[in-house]
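Take a look at the structure below.
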Amino acid sequence: MEPAQTAAVAVLAARDISKRFGNVVALQNIDFEVYPGEIVALIGDNGAGKSTLIKILSGTLSPDTGTLLMRGKPVSFASPRAAREAGIETVYQDLALAPDLDVPGNLFLGRELRRTGLLGMLDVMDARGMRARAQAHLESLGVKIKSVDQRVDTLSGGQRQSVAVSRSVFWGRDVVIMDEPTAALSVAQSALVLGLIKRVRDSGTPVVLISHNLPHVFEAADRMIVLRHGSRVGTLYPASATMEQAVSLMTGALGAVTESREVEDG
Amino acid sequence: MTDRNDTFNRAGFIGLGTALGALAATGGALAAGSGRSIADLKFLFIVKTVNSDYWQTCIAGGKAAQEQLGLKALQFTGANSEANIQGQIALVEDALAKKPDFLVLAPTSANALDATIDKVDKAGIKVILIDSSANTENFDAFLATDNHAGGMLAAKTLAEAIKKKTGQAAGQVAYVTFLSGVGSLTLRDQGFLDGIKAYPEISVVGHQDAGGDQSQKPIGVVADLLTRFPKLAGVFADNLYTLEGAATAFRENHADPKKVSLVGFDPSTKLVADLKAGAVDGIILQDPYQMGFGGVMYGIVAAAGINVPKFLNTGVTAATPENANSTLTQALLNPMTQRHFGFGTA
Amino acid sequence: MTGAPADTRAPGRPRLSWDVALRLGLLGIVIVLAIVFTIAAPGFLSSQNLENNERQMAVIGILAIGETFVIITAGIDLSVGSMLGFCGILMALALSHGIAIPVALVAVLAIAALLGFFNGVLIDTAALPPFIVTLGMLGILRGFTQIFGNGQQIGFGNSAFTDFAADNFLGVPKLFWVLVVIALGAAFVLHLTRRGRHVFAIGSNLEGARRAGINVRAMTFLVYAISGLLAGIAGLLLTARQAQGDPNAGTGYELDAIAAAVLGGASLFGARGSILGTFLGVLLVQILTNGLNLLNFDPQVARIVEGALLIAFVYIDHWRKRRLATA
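Those protein sequences? They're chains A, B and C, same order as listed. Per the working numbering: the first sequence = residues 4 to 269. Per the working numbering: the second sequence = residues 803 to 1148. Per the working numbering: the third sequence = residues 95 to 421.
See the structure below:
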């Protein structure tokens, strides 16, 4: 899997982003980029600035300085809604699923389809249409749930995560950001979700992945960007780097390798 | 109706005569003793609740007495509902602090107010109880309806209505109580049952309890009585809310006024209209105006140190479609505008 | 490429299982009671008794429908009983001063909706707990009702208005027709439209709904306005039925409305409930009360049974939630 970095334009990029909260500097001159067809992981210790960066990318916060670019064009997001409309979907750690609604209900939450004609003018939902679309979408992503008519709170943790991920992919035209997607999952469930994330990338949507779980990151990501104390301290490739290198970058051990090479073919 | 006239005349004579005669004495007693006149007296007037037609009429009677004699009323008040015992206790205890010369009180509960009444009495404040009794003996006068007599009068009125419509005082009747366990209502119900015994052909086949709900429940329980007993000839409702509910139930169930009769306690504008239209056959009228008026009068007299009669029966009258426009009935229904001093000429 | 390993956990229950079971159970109880009373209580099935029940159900039924919307958002509206009385007194005053029925109707209902809207504003904007806000409104409205009524019933001698409550249409009391029309409209909005879906979403996950772009603020205003409006309608109907404005009307009715909604499957935790369920809950209470009356039971017995049923239903709901959490 070779992201053609040099030739492609980043789908989403951040240039020279800084953010402070009062006296605390959360981010300092950060550059960040996501290229088409890749899973890029954002890793770092607690307080490194990962969640602040994600909030800026997803429109929840505005940067103090710096710019965001989508496919080379500067953008700014006044709200999470604006980021969504620009094509960036975020799956938060708490999933933000409605446990009492079924899978189509969650997939289309807040964006329910309307019937056509007179009923549509009366705001009637197209329940059948939503169900069919949800079913097809889950199948295309290989997500296996016995019935989409189940309430989401009857699903396992892995299935719920899969529904949340599927939802973001359904709407996210350009980038999907996932915050700790395997945090609360068992080994088997994590494998499920990581497989799903890879299929998302394969279907054409790049993924930004935040995770504390280095083994999972090494398993799924194509590229890792390491943050420490609000600065970007390195870029590593799971194919060529080791977990020890990643850890030392994250913690700031002396003599840490700050870059690793892309794996060369042949 | 003759029953009422005797009682009224007697009570009125005693009440008024005592009051007038005593006022002269009072004026003299007060003036001789302390340099105070009637107008210097202060009093408190506490009813069960001000949120009711009945109690508003009672208060109006008290105010009429107060204004004519120029007294200072410290307060006309009541709790926010007839069930709010603690509220009334608080009001009475406030009264103690204000040191009135006398207190006119309609106790919300026979037991719960005893201790407080005793305190008031011990403080040298004269206590005039109206409408409902208390268990303590430490009061100076008690003016009230004889509820048992009222129940018996209702029975008589109902029987006579049935007789007028069907030719004889016979058939099935039922009664509805607003709330079980309330002293005045229990007396009325008992009076009704005792009074109906005088008509051996009439049988009481059922009774219902509206559980204290003032709105829909009385309608429901009376409707259910009508369903249970299709041949029901009469219904007795022992207070305003049950009477209102019964009248509505009769209307909704298309009860035939030629076959079914309805008698109950306490009037309202709507019920009086129903009475005149013949949809209601009898309303037992109490005399809250007299209770208020007489209460204040007795208070004045007692405050002058005169021993007043301890019990005064303010009487009941049956208003029927026939006498609805009589002077007496009108005086009882509209005391503020049509009540005169003196004797009725009904 | 191999697909992801299939999730080996046993599949969960299909979506409607618990709701359907609860509603069928409720319907079952209603049918059993109806059969028992038909046999045991003479006159139960008579057309007059059916009409009485239909009339008696209307007021609480309409209150309960409004309450259902609010409960589904995990809120509560304790002010509906006082709102009922308040609107009833306003209407009686208006009519007694000779104001035309349509004008008075629109004015009073507008006030009801506005007061409900105000509840919603306090709850959403000031982030105050619904219990406290609506409890406060309960007291405020009842106080004004007593002041406006001056402690007395207010007659208004307008026979067109009172006839509405006494008359039938196609053999069924008009009061009941109003309940049916409101129930159908409410069911349409709540179960078929997107806004209705958003009501459930808010009760299910408030923050998630907000993030999904649902206008939580507007929806909160809306459901409390609906509750207020329906309470106003109930007040008008009761005033018509009693042929006078009663300052004590509706006292305690909010609890009956909430009980009926919960018996019908609404969960105070939010996101559960249905208009049909609420209707069945009201029907159950009415049949129970009526049947026991006809059998000459103390009317308090019906309240005891109703209270026991309520506890049983809430317990089942709680058990369902616990069972899911351990799955």
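From the three backbone atoms N, C-alpha and C, an ideal C-beta is built for every residue, glycine too.
Residue state for B/T879 is assigned as strand, using DSSP reduced to three classes. Bridge partners of C/Q338 according to DSSP: C/G249.
Boundaries for B/P909: no alpha helix (DSSP H) harbours it, and the DSSP string shows neither H nor E there. Against chain C, the beta carbon of A/R176 has no neighbour under 7 angstroms; the closest one sits roughly 16 angstroms away. Of all residues in the segment 76-110 of chain A, those with a C-beta nearer than 8 angstroms to a C-beta of chain C are P83, R84, R87, Y95, D97, L98, A99, L100, A101, P102, D103, L104, D105 and G108, reading in chain order. C/A128 has a beta carbon lying at 7 angstroms or more from every beta carbon in chain B. Burial state of B/T1129 is exposed, judged by a 10 Å Cβ sphere holding fewer than 16 other Cβ atoms. Contact check for C/A328 against C/I156 passes: the beta carbons are separated by less than 7 angstroms. In this structure, DSSP gives B/H1009 an extended state, which the three-state scheme calls strand. Residues of the segment 318-343 of chain C with a C-beta less than 8 angstroms from any C-beta of chain B: L332, R335, Q336, A337, Q338, D340, P341, N342 and A343, listed in chain order. One Cα belongs to C/C181, the other to C/D340, and the distance between them is close to 10 angstroms.
With a threshold of 7 angstroms between beta carbons, A/G237 makes no contact with chain C. No Cβ of chain B is located within less than 7 angstroms of the beta carbon of C/P196. Among the CB atoms of chain A, none fall inside 7 angstroms of the CB of C/N309. Assignment of B/A925 by DSSP, reduced to helix, strand and coil, places it in the coil class. Setting aside the 5 residues that flank it on each side, C/N384 is surrounded in the same chain by N147, each with a C-beta closer than 6 angstroms to its C-beta; the list follows chain order. In this structure, B/I848 is the residue among B/L871, B/I848 and B/E895 with its C-alpha nearest to the C-alpha of B/F878. Its Cα nearest to that of B/C860, the residue B/A946 stands out among B/V929, B/A946 and B/S883. Under a 10 Å Cβ-count criterion, B/W857 is classified as buried, with 16 or more other Cβ atoms of the shown protein chains found around its own Cβ. Counting C-beta pairs closer than 8 angstroms gives fewer than three between the segment 22-34 of chain A and the segment 172-187 of chain A, which falls short of the contact rule. Here the alpha carbon of C/F138 sits roughly 14 angstroms from the alpha carbon of C/V124. For B/Q992 and B/L955, the gap between their C-alpha atoms comes out near 12 angstroms. Where A/E92 is concerned, the enclosing beta strand (DSSP E) starts and stops at I91 to V94. In the DSSP assignment, no residue is bridged to B/A1106. Shown here, A/V12 sits in coil according to DSSP, grouped into three states, outside any helix or strand.
Going by beta carbons, C/L222 and C/L216 fall inside the 7 angstroms limit. The alpha carbon of A/G207 has as its nearest neighbour, out of A/S263, A/S143 and A/P241, the alpha carbon of A/S143.
Sequence-distant Cβ neighbours of B/R1053 in its own chain, meaning closer than 8 angstroms and more than five residues away, are A1081. Relative to the Cα of A/S150, the nearest Cα in the group A/H219, A/I57 and A/R134 belongs to A/R134. A Cβ-Cβ separation of about 17 angstroms leaves C/F363 out of contact with C/L284 under the 8 angstroms criterion. Using a CB distance below 8 angstroms, the part of the segment 381-392 of chain C facing chain B consists of T383, N384, N387, L388, N390 and D392, ordered along the chain. In the DSSP assignment, no residue is bridged to B/A963.
The beta-carbon distance between C/Y318 and C/N213, rounded to whole angstroms, is 4 angstroms. This is short enough to meet the 8 angstroms contact definition. Residues L1087, D1089 and T1119 of the same chain have their beta carbon placed closer than 7 angstroms to that of B/L1134, with the five preceding and five following residues left out of the count. Exclusion of the five residues before and after B/A1012 leaves V978, T979, F980, L981, K1019, P1020, V1023, Y1043, T1044 and G1047 as the residues of its chain whose Cβ lies within less than 8 angstroms of its Cβ. Against chain C, the CB of A/E183 has no partner CB under 7 angstroms away; the residue lies outside that interface.
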